[in-house]
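If you read the protein sequences in the order shown, they are chains C and L.
Going by UniProt numbering, the first sequence opens with residue 1, and the numbers climb by one from there.
Going by UniProt numbering, the second sequence opens with residue 1, and the numbers climb by one from there.
Built from N, CA and C at the ideal position, the CB exists for glycine as well.
Keep in mind that this is a model prediction, so the values were computed, not measured.
Taking it in order: structure first as structure tokens, then the write-up.
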Amino acid sequence: MSSNPTPAKKQLLKIIILGDSGVGKTSLMHQFVSKKFDSRYKATIGADFLTKELTVGDQVVSLQIWDTAGQERFQSLGSAFYRGADACVLVYDVTVQESFAHVGSWMEEFSIQAGRRDSVLIGNKTDLEDRRQVPTRTAQMWCDKQNAEGDKNDKTEMKYFETSARENTGVEEAFMAVAAAALARKASQPAPVPPPSTVNLNQNQPGNAGGSNNTNSGCSC
Amino acid sequence: MPSSLPSLLLFLFFQRTPWRANMEDVFLFCDMLRGEDISEVLLRESVNFSGWPSSTERLRSVRWQLLLGTLPDRCPPGEFLSYATEAIKKQQQDWVQCIDLVEPFAPHRDTREGDKTSQPKKKVMKFDESSSSSDETTMGENPLVPAASTYYAQEHRYRILLREIQKDVERIFWEFSLFEKKSTKVDIETLLLAYCLLHDKDYKQGMHEIVAFCYFCVYRDRELLKEMDPMVRENYGEVMTFLDSAVEHSLSTTFALFCAILNEGDTFVGLSRFFYREERCEQSAVLVCAERVQQDILLTLDPPLLHLIDSEYGISSATYLIRWLRLLFIREFCFSQVLHIWDLIFAERYLHQRRGRPYFIENGIILYISAVMIKHVKPAILQGADSALRVLMKYPPVTDAFPALLKEAVILSNGALQPLLSVTSPTGVVAVDEGAVSRQGAKLSETIKTLEVILNRSTTDETAPDSLDAMVDCIAELKKIRDVLLYGVSD
């Protein structure tokens, strides 16, 4: 029996998966959430998402995992998409050197939009070991370098995992690690201030985005 | 298929299979051949989705070519066939030019169709423009530091493009045997390569499904035409020759459709604006439109729902609308429904062209369809943020409500398509004066008598030569009566 009489409130964590096209982001997400691998996933257009409830320590967590298309770079999903992100999963394909070379720019993409957060780097497709182009040591060193270069006032950490979404190896560990890191960070943050008042849903509400009064469409410039 | 005339007659009247729809196409192009203005009928039928799903067997790729302007929609009497033949020939020539861009790097992708005798000479690659070498090899180039225009640079670009394209084309898993064939995947890759090289643009994810859907439609039309009864082929020889030629060259036709959908300009749909971001714009057009659907149109349609999605749940419009808009709803609806939606989009563009106005997809019907789609799943959205996200990210199947959903979108848009809606809705009451009703009744009575005579004569004489012509006249008469009574067309 727990000594705490009231169960802890369920915590919502938003995780974003980034990486080049075809590295296996969608497969990793489905393997972690549904424990299945399908070789017939369509290319992600824009973004996709799944949720999973899990327990980290004694805390129940609802993990909202956002999968992104491999071409959605340079803020093409807009800043609103990244709002509230708690952690990031960077994925590359161990058989494609170029996908590893782009990991830095994916991390930068995330940092620009969401700020620095704990993250994990995943080298996927280890089942294709005979075609490996990126040695484990190279990726591990890259993570070590990121951790060493981080802002002293902002102790974010990047852990490295190797996975095979096809064979379900390392997937659970990687996602549990990112959930734990995001949860620890969230626990150290002050609780959000509740909204000032209730809202009447029957009342017409103006759009709150800047420039929403402009009913003309097209380019905003 | 019926072989005797009486059975054919009954078949045409009562059969509710692809036949019926194909005959509509035959009649439409018969009118065109006679030099009649078919634009009203074409538009009316494009906006008539009330019959879904029974009317999904129209020859879409041919009709879309008329709506998108890649085939002539109006010609002087008797000139249509020559105009159309010329347009089809031009499409093939354009395709050959595109293949010339692809072929130097991948000779196996030479997918020229039809007459191959007009193949242009292979391109001569030179070290640079000043080189006098006529050798067609890449002699003299430095592959380590290639200039942008050299063979090595172009080949490098080709390889990058192909790699990106192949990643997505390999992941088309549509439930049709067509897409399990290796040759289909090679065709789609070649079409995308040709588009990117011709327009000097990168490949963008999602374009592969747009081009694949065009390819599917052309293939489907060809299959429908193959099933056409030999008797119809015999009696409508000219029309059938045209229809066959319009879908014969699947690659050049698909490419023409794809370019008309993607390209910008007064006569195109301009979907490429949803794939490429203009440098001068801070935000891409697809993000601006997604925001507009959620913030502006939904505000008009259902303010509390907007508040819930936007303020309470904090759902970003980009998360779900980028896919809806870029793929023109391919993943949200079944294919027979997507055909209707694309009919609407292309009809809207066609109306703009006829009125001499430029068409901007970012102001078009697709925004209103999106807003109505959000409203359609309101019960699930009301259940909570998680349920709302699930239903928006993975849109549930729409069945019986589909025609009503599109109708609501057309009304909400309050645009060019709306007047057409009033003449395509059989449920609406059309004001027809009593005199007209009486005249139509008399005509109907005459037509019934004629049909009875044909039927009796055909039962006793299988070879009655003029019966088919008389029957066609009867059908034409019945259609006129229908138009007066159902659509309020003047008699």
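What do you reckon, are the CB atoms on residue i and residue j nearer than 8 Å?
i                      : j                      : result
residue 16 of chain C  : residue 323 of chain L : no
residue 18 of chain C  : residue 124 of chain C : no
residue 313 of chain L : residue 393 of chain L : no
residue 326 of chain L : residue 275 of chain L : yes
residue 182 of chain C : residue 159 of chain C : no
residue 370 of chain L : residue 380 of chain L : no
residue 198 of chain L : residue 68 of chain L  : no
residue 47 of chain L  : residue 344 of chain L : yes
residue 242 of chain L : residue 29 of chain L  : yes
residue 66 of chain L  : residue 351 of chain L : no
residue 440 of chain L : residue 253 of chain L : no
residue 89 of chain C  : residue 134 of chain C : no
residue 118 of chain C : residue 185 of chain C : yes
residue 93 of chain C  : residue 26 of chain C  : no
Quick one: Cα of residue i to Cα of residue j, how far?
i                      : j                      : result
residue 62 of chain L  : residue 418 of chain L : 24 Å
residue 87 of chain C  : residue 384 of chain L : 23 Å
residue 38 of chain C  : residue 166 of chain C : 8 Å
residue 468 of chain L : residue 482 of chain L : 21 Å
residue 212 of chain C : residue 273 of chain L : Reliability of the predicted coordinates at residue 212 of chain C is poor, the pLDDT of 35 falling under 50, and no value is obtained from them.
residue 210 of chain C : residue 145 of chain C : A caution first: residue 210 of chain C carries a pLDDT of 33, below 50, which makes its placement in the model unreliable, though a value can still be read off. Near 40 Å, if we compare the C-alpha coordinates of residue 145 of chain C and residue 210 of chain C.
residue 221 of chain L : residue 161 of chain C : 50 Å
residue 87 of chain L  : residue 97 of chain L  : 15 Å
residue 122 of chain L : residue 103 of chain L : Note on residue 122 of chain L: pLDDT 44, under 50, position unreliable in the model; the coordinate value appears next. So the two alpha carbons sit approximately 9 Å from each other.
residue 81 of chain L  : residue 130 of chain C : 59 Å
residue 115 of chain L : residue 413 of chain L : Here the model assigns residue 115 of chain L a pLDDT of 48, short of 50, so the residue's position is not dependable, and the following value carries that caveat. Distance between the alpha carbons of residue 115 of chain L and residue 413 of chain L: 46 Å.
residue 472 of chain L : residue 397 of chain L : 40 Å
residue 290 of chain L : residue 367 of chain L : 8 Å
residue 111 of chain C : residue 155 of chain C : 14 Å
residue 128 of chain C : residue 95 of chain C  : 7 Å
residue 189 of chain L : residue 228 of chain L : 31 Å
residue 100 of chain C : residue 245 of chain L : 49 Å
residue 337 of chain L : residue 390 of chain L : 22 Å
residue 72 of chain C  : residue 42 of chain C  : 16 Å
residue 533 of chain L : residue 26 of chain L  : Residue numbering for chain L in the displayed model covers 1 to 491; residue 533 of chain L lies beyond these limits and cannot be assessed.
residue 84 of chain C  : residue 114 of chain C : 7 Å
residue 484 of chain L : residue 45 of chain L  : 16 Å
Given that residue i touches chain L, what residues does it touch there, using C-beta distances under 7 Å?
i                     : result
residue 71 of chain C : 204 and 205
residue 34 of chain C : Neighbours of residue 34 of chain C on chain L: none; closest Cβ ~13 Å, over 7 Å.
In or out: residue i buried (at least 16 other Cβ within 10 Å) or exposed?
i                      : result
residue 260 of chain L : buried
residue 382 of chain L : exposed
residue 160 of chain L : exposed
residue 292 of chain L : buried
residue 14 of chain C  : buried
residue 21 of chain C  : buried
residue 176 of chain L : exposed
residue 23 of chain L  : buried
residue 98 of chain C  : exposed
residue 187 of chain C : exposed
residue 37 of chain L  : exposed
residue 139 of chain C : buried
residue 194 of chain L : buried
residue 223 of chain L : exposed
residue 107 of chain C : buried
residue 218 of chain L : buried
residue 207 of chain L : buried
Give me, in chain order, the residues of the same chain whose beta-carbon lies closer than 6 Å to that of residue i; leave out the 5 immediate sequence neighbours on both sides.
i                      : result
residue 180 of chain C : 56
residue 375 of chain L : 301 and 302
residue 284 of chain L : 277
residue 210 of chain L : none
residue 427 of chain L : At residue 427 of chain L the pLDDT is 45, less than 50, meaning the model places this residue with poor confidence; the figure from the coordinates comes in the next sentence. No residues qualify anywhere along the chain.
residue 372 of chain L : 405, 408 and 409
residue 496 of chain L : Past the edges of chain L, shown from 1 to 491, lies residue 496 of chain L, and the structure says nothing about it.
residue 12 of chain C  : 62
residue 444 of chain L : 481
In chain L, which residues lie with their C-beta within 9 Å of the C-beta of residue i?
i                     : result
residue 86 of chain C : The premise fails here: residue 86 of chain C is roughly 14 Å from chain L at the closest Cβ pair, so nothing lies under 9 Å.
residue 77 of chain C : 287, 316, 318, 319 and 322
Could you tell me which chain C residues have their CB closer than 8 Å to the CB of residue i, listed as they occur along the chain?
i                      : result
residue 175 of chain L : Residues of chain C passing the Cβ test: none, with the nearest at roughly 11 Å.
residue 566 of chain L : The first residue shown for chain L is 1 and the last is 491, placing residue 566 of chain L beyond what the model contains.
Give the interface partners of residue i over in chain L, defined as CB-CB distance under 8 Å, in chain order.
i                      : result
residue 80 of chain C  : 316, 317 and 318
residue 131 of chain C : Chain L residues near residue 131 of chain C: none, gap ~15 Å exceeds 8 Å.
residue 21 of chain C  : 164, 167, 168 and 205
Give a single yes or no on whether residue i has its beta carbon closer than 7 Å to a heavy atom of the ligand COA.
i                      : result
residue 241 of chain L : Absence of the ligand COA from the depicted structure is noted, as is the absence of any ligand whatsoever, leaving it without description.
So which residues of chain C does residue i contact, with C-beta pairs closer than 9 Å?
i                      : result
residue 389 of chain L : 49, 51 and 64
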